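Residue numbers (this note's numbering): 1182 to 1683. No residue lacks a Cβ here, since even glycine has one placed at the ideal position from N, Cα and C. These numbers were taken from a predicted model, which means no experiment stands behind them. To keep things clear, I will list the structure first and then write my remarks on it.
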Amino acid sequence: MTMENNLEEKEITTKLKLINAFTKNKDIFTPSRGNLIRWYICGPTVYDSPHLGHARTYVSFDIVRRVLENYFGYQVTYVMNITDIDDKIINKAKETKMEVSDACKIITKKYETEFFEAMDNLNVQRPTFTTRVTNYVEKIVTFIEKLMEKGFAYESEGSVYFDLVKYRENFKHPNFVNESAINEETEELENIYKKKNKIDFVLWKKSKEGEPVYNSPWGEGRPGWHIECSAMASDLFKDGLDIHSGGCDLAFPHHENEIAQSQAFLNSNLWCPYFLHSGHLSIDGLKMSKSLKNFITVEESLKNFTPRQLRILFLNTNWWAPMTYKLESMEYSKKIEAKLMNFISISDSFIKNSEIEDNFKNVTDQDSMILEILENTKISIHEAFCDSINTFKVLTAILNLITVIHQKIENLSIRVIYVAKQYVVSILNLLGVVEEKKGFDSLDQDVLKLVCDFRANVRKYSKEKKEHKHYFELCDKLREDFKTHGYLIEDKGEESRIRKTN
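Okay, structure coming up:
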């Protein structure tokens, strides 16, 4: 079967579909403004060090964002909030011997800095805009006032609540969880008796002694959790979003309540059509979380594994699927990394050691077979990207392609090796696994120094008319020095090739 016939017979998927928690379906993705995407992601509550559960969410959506921007060509405005007003922060501040308000500022600054350092280390792109709750209190108050004017919120004993019963009488609403679930679990029991309806949730909390306070028409207090995101998202995206994302644990009550507030605020039945929820990261059968104290910080993990190995770990499980963290999975990621880097290194070695005339050699049957496999790989990867950005299928297709090329590489033309390697690198670059180098990194500088030292010694020995054995000793030393820097020199007959080992 020729490549042309194969392409004709294969029905190629061209429309991007995303697994949408809002509809519980895999929906065709159609942004409201052509190729512009307005995306809001729930950021961290900055009261402790970022852990691998955070890494799973933010690396996964970094991958989705990269594919949307650099493969499908969308222009993404990516907004993330920093929650720096929260019960957890206040509780941590109370453990110190400082004034709670002062301690809250120190705690949130420390852990916000830690969070972004961790994300930078994991090669997660910075948001287009970052918003902090403390900078938005006035706009949150204005948002609440408008909900009250519309009749969807009410004041009770210095706090303000959202009237979910009134909302449900007027708007379509999603149910990420069972209809009978209520917001009681997110609030203190004493507040249940201050609400009109048991399912109502707080928009503004009356202040308590020793807590940070902000002024409002209802007295001193602070914003509730859910209203923060709605107010910040509406400030940057006035009439709605295209994508809202976060961990699946935010589906209820957080995202469900966000939708209610925002629909009531905008008087619209569709504030955001696509909700993307990343799957839980579990360890020993339990969700990795700070509350369960079973988490591994990003800093701790990076002492044993590279950012690339962690990204490969997350690529190997689709962003929406639950995954379990275990050492065996990390060891497998290391093997995948070695296979990918080894392929690039060996391909580069063949290309660099080739003669110019190799580019003009006739294409052989082996070359044609690899080119056909490459074209089919491109189709498979395109379909995987269209299938809710299925990175497991993408990674599998790349690894299968590499395996076949490894088996045939000695008999392939340099041009075919080059084309295949360039495609593999382009996909890995797209996913954030490898980055295009600009200039020399510190490792390159070290290796260049080894070469310069080797050259200097050869010149010295030549002037001193040393015996041949001394030159061989120099070569052996260079080989060993290269090995310590992650490069392997292999002798193939009269030729020598160099490849990266890590």
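Asked                                                                                                                              : Found
Proximity to Ala1519 [Cα-Cα], best of Pro1503, Gln1490 and Gln1547                                                                 : Gln1490
Helix, strand or coil at Arg1307 [DSSP, three-state]                                                                               : coil
Sheet register partners of Pro1225 (DSSP bridge)                                                                                   : BP columns for Pro1225 are empty, so no partner.
Candidates Lys1273, Asp1416 and Lys1375: closest to Ile1321 by CA position                                                         : Asp1416
Closer than 7 Å: Glu1616 CB and nearest the ligand SAM heavy atom                                                                  : Of the ligands one can find in the structure shown there are none, so the ligand SAM has no counterpart to examine.
Local Cβ density within 10 Å of Lys1474, reported as buried at 16 or more and exposed below that                                   : exposed
Cβ-based burial, Val1614 [other Cβ within 10 Å; buried from 16]                                                                    : buried
Under the three-state DSSP convention, the category Met1202 falls into                                                             : Here the sequence assigns Ala to residue 1202, which means Met is not the residue at that position. Three-state DSSP puts Ala1202 in coil, outside helix and strand.
Through-space distance from Tyr1259 to Arg1307, alpha-carbon basis                                                                 : 9 Å
Pairwise C-alpha distance: Thr1478 and Lys1278                                                                                     : 26 Å
Contacts around Glu1437, its chain only, beta-carbon distance under 8 Å, and the 5 residues preceding and following it disregarded : His1354, Pro1355, Asn1356, Phe1357 and Val1358
Three-way DSSP call (helix, strand, coil) for His1425 in this model                                                                : strand
Whole runs of the alpha helix (DSSP H) within the region 1272-1348, excluding any shorter than 4 residues                          : 1281-1302 and 1318-1330
Contact check, Ile1595 vs Ser1535, beta carbons under 8 Å                                                                          : yes
Residue from Ile1200, Ile1380, Thr1545 and Arg1237 whose Cα sits closest to the Cα of His1461                                      : Arg1237
Pro1393 classed as buried or exposed, judged by whether at least 16 other C-beta atoms fall within 10 angstroms                    : buried
Asp1662 to Trp1500 span [Cα, whole Å]                                                                                              : 41 Å
The region 1256-1272 / the region 1293-1310 touching (three or more Cβ pairs under 8 Å)                                            : yes
First through last residue of the alpha helix (DSSP H) which encompasses His1666                                                   : Taken as a continuous stretch (DSSP letters only), His1666 belongs to no alpha helix (DSSP H), as it is neither H nor E.
Cβ-Cβ distance between Val1257 and Ile1570 below 8 Å                                                                               : no
Three or more C-beta pairs below 8 Å linking the region 1440-1449 and the region 1342-1353                                         : yes
Inter-residue Cα distance where the pair is Thr1558 and Ser1510                                                                    : 25 Å
Of the listed residues Lys1484, Leu1483, Ile1517 and Glu1480, nearest to Asn1497 (C-alpha basis)                                   : Ile1517
Contacting residues, own chain, Cβ-Cβ under 6 Å from Val1211 (five flanking each side not counted)                                 : According to the sequence shown, residue 1211 is Thr rather than Val. Answer for Thr1211: no residue qualifies.
Burial state of Gly1620, where buried means 16 or more other Cβ atoms lie within 10 Å                                              : At Gly1620, the pLDDT of 39 sits below 50, so the modelled position is not reliable; the number obtained from the coordinates is stated separately. The residue in question, Gly1620, is exposed, as its Cβ has fewer than 16 Cβ neighbours within 10 Å.
Coarse secondary structure for Leu1197, derived from DSSP in three states                                                          : coil
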